[in-house]
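A quick write-up on the structure given underneath.
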Amino acid sequence: MNARKAGNRLARLAALLLPVVLASGVLAGQGLLVRRRTPRLPEADGPRQGTTPPPYGTPAQSEPNGPLRLAVLGESTAAGVGVANHDEGLAGHLSRSLARRTGRAVEWQVAARSGANAKVTIRDLLPLLKPADLVVIVLGVNELLDMTPLRSLEVDLIHLIDNAPADRVVVTGMPPVARFPALPQPLRATMGLRARAIDRVLASAARKSGAHYAPTSLPAAFSPHNGPTFFAPDGFHPSARGYAAWAEDLASALNLLSPTE
Numbered sequence: 001m002n003a004r005k006a007g008n009r010l011a012r013l014a015a016l017l018l019p020v021v022l023a024s025g026v027l028a029g030q031g032l033l034v035r036r037r038t039p040r041l042p043e044a045d046g047p048r049q050g051t052t053p054p055p056y057g058t059p060a061q062s063e064p065n066g067p068l069r070l071a072v073l074g075e076s077t078a079a080g081v082g083v084a085n086h087d088e089g090l091a092g093h094l095s096r097s098l099a100r101r102t103g104r105a106v107e108w109q110v111a112a113r114s115g116a117n118a119k120v121t122i123r124d125l126l127p128l129l130k131p132a133d134l135v136v137i138v139l140g141v142n143e144l145l146d147m148t149p150l151r152s153l154e155v156d157l158i159h160l161i162d163n164a165p166a167d168r169v170v171v172t173g174m175p176p177v178a179r180f181p182a183l184p185q186p187l188r189a190t191m192g193l194r195a196r197a198i199d200r201v202l203a204s205a206a207r208k209s210g211a212h213y214a215p216t217s218l219p220a221a222f223s224p225h226n227g228p229t230f231f232a233p234d235g236f237h238p239s240a241r242g243y244a245a246w247a248e249d250l251a252s253a254l255n256l257l258s259p260t261e
């Protein structure tokens, strides 16, 4: 190949790669800007366990084994980041929804940490769980932020599910990352695509280990344009209303599971 042809090929290659390089630079810059501008919110305060009675007027169900024992395990949304206490977070809203739907009291517990990934959850949080009837695993966002290899995530999730001290394990789907107000475009769309890939891993790990996968199918109102309503001030975590919508969505998915599943 002569120098002129080689030069022409390099020029064409450079022309093809230039948009990719420029886009990578834009995404990296947006990522740094988001990290600097996004306020770091604390985890929900108060007790990490409690009992939720069924609401007054709900038909009481027989409880031969006592209350329904619920555990919420995982990352920052499991830890209630974005709200003041767990009563306003996922555990509180989900326990109330389950109590209303089943007519049973719900004993709930939370083992979660802001920034936790699957490996941290296995090492530090799983040992904290008491035996439960239902464990809800909330993971994936930190793997998204850290660009964790998908195969590594799947292996860790299967290990986590297999060792959860529960009769039933549910893995929640990824949140609507492509709607997060904190993320500007094109970063929001790019992270949304990666989140979909992680979502497929969550579903696959649940299927392979005999757990249940509950996709997050939140309403269209859960969008960047409704940030003050459904999102916390950081534009990244849910508000109390956001947690309520998510918990109701999740409880509906759980309601589809038969008692023997």
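For reference, each letter of the sequence shown is one residue, going 1 to 261 in UniProt numbering. A virtual CB, placed ideally from N, CA and C, is assigned to each residue, including glycine. Bear in mind the structure is a predicted one, so any value in this text is a computation, not a measurement.
Check whether residue i and residue j have beta carbons under 8 Å apart
i	j	result
L254	V170	yes
T102	L68	yes
A91	E43	no
V81	L41	yes
A205	L157	yes
D249	S209	no
Environment of residue i [buried if 16+ CB atoms lie within 10 Å]
i	result
S76	buried
residue 262	Because the chain is modelled from 1 through 261, residue 262 falls outside the range shown and cannot be assessed.
N117	buried
S239	buried
A244	buried
S24	With a pLDDT of 49 at S24, under the threshold of 50, the predicted position of this residue should be treated as unreliable, though the coordinate-derived value follows. That one is exposed.
G242	buried
A132	buried
Residue i - containing alpha helix (DSSP H), residue span
i	result
residue 295	A query on residue 295 cannot be resolved here, the shown segment of the chain reaching from 1 to 261 and no further.
T190	187 to 209
T148	Element bounds for T148: n/a, residue is neither H nor E.
T102	90 to 102
L254	240 to 255
Beta-carbon proximity list for residue i, same chain, < 6 Å, skipping 5 on both sides
i	result
I137	L73, G74, V171
A164	V135
Rounded straight-line distance, which links the Cα of residue j to that of residue i
i	j	result
L193	A166	32 Å
P54	Q185	44 Å
A112	L139	10 Å
A11	L187	Confidence at A11 is low in this model, with a pLDDT of 38, below 50, so its placement is unreliable and no value can be given for it.
V201	A105	33 Å
Cut-off 7 Å between Cβ atoms - residues of its own chain near residue i, not counting five sequence neighbours on either side
i	result
A189	A178
F236	T38, F180, A182
R48	H86, Q109, V110
Span of the beta strand (DSSP E) around residue i
i	result
T51	49 to 52
R69	68 to 74
D133	132 to 138
Cβ-based neighbour list, residue i, same chain, cut-off 8 Å, excluding 5 preceding and 5 following
i	result
S252	none
I198	G140, E143, L144, L150, L153, M174
Min CB distance residue i to chain B below 8 Å
i	result
R37	Absence of chain B from the displayed structure is noted, only one protein chain being present.
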